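Per this note's numbering, residue 0 is the first one in the sequence shown, and the count goes up by one each step.
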Amino acid sequence: MWVYRSNEVSEQVVVIYDYQARRSRACAEELLAGYQGYLQCDVQCV
Numbered sequence: 000m001w002v003y004r005s006n007e008v009s010e011q012v013v014v015i016y017d018y019q020a021r022r023s024r025a026c027a028e029e030l031l032a033g034y035q036g037y038l039q040c041d042v043q044c045v
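Here it is as structure tokens:
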């Protein structure tokens with residue numbers, strides 16, 4: 000399960016739950032393809 004959340008200062012809080020059967024970083028790369036901005040994570044991001 001991948002969980003994405005907007006930050007505390009966003010006008011509207013957004014939480015996305017993305018079920019994936021694997022833990023590969025490719026899951027996040029696919030969902031975030033084309034995203035531009037800041038990304039904070041709790042594991043090593045490369």
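Beta carbons are placed, not taken as given, at the ideal position from N, Cα and C, and that holds for glycine.
All of these numbers come straight from a predicted model, not from anything done at the bench.
How many angstroms separate the CA atom of residue i from the CA atom of residue j?
i	j	result
V13	Q35	17 Å
W1	Q19	7 Å
R22	E28	12 Å
Give the secondary structure of residue i by DSSP, where H, G and I count as helix, E and B as strand, and everything else as coil.
i	result
R24	helix
L38	coil
E29	helix
Could you name the residues that DSSP lists as bridge partners for residue i?
i	result
V2	Y16
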